[in-house]
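Going left to right, the sequence shown walks through residues -2 to 129 as my numbering numbers them.
Beta carbons: idealized from backbone N, C-alpha and C, even for Gly.
Structure record follows, encoded as structure tokens.
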Amino acid sequence: MKNDRGSLTVEMVILTPVLMFMVLFGVHVGRLSEAKVQVQHAADQGARAGSIAAKSKVVSAATVAAENDLELAGVSCTEVFVEVGLITTGLTNAVRVQVDCDVRIDGTELLGLLPDRVHASSIEVIDEWRIP
């Protein structure tokens, strides 16, 4: 008759690092997807705010709206970059907001991954009938 004493201990010693790697990888992917949604929403809000602001305040309104949206959402970014530009195509003017976010890797350093950057952009047509 075979003696299987200690085989469970050996299996757990081998499988525990693999399971921990899978859990940490799941946390990392979850943070990336959450940050992507939050960054896209911030870009949308910034573009919308810029499209209804007075002509002299388009850039500042869009930047402030995007940054405030990220702050209120509790975004998990170490650095946030907001870039606002005006687009002119014939008779139609638009505002474009690009938001970049370096996602935090707190707790997932054991994976050896570098911080990932998520990017989102949004374009809104400037409302020509807005109140100046």
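Straight-line spacing of the CA atoms in V79 and I11 works out to 45 Å. Using a Cβ distance threshold of 7 Å, V115 and A32 count as a contacting pair. For G23, no beta strand (DSSP E) encloses it; the enclosing alpha helix (DSSP H) starts and ends at 4 to 49.
In this structure the segment 117 to 124 touches the segment 85 to 101; the number of beta carbon pairs closer than 8 Å is three or more.
In this structure, L29 lies near V100, with their beta-carbon atoms less than 7 Å apart.
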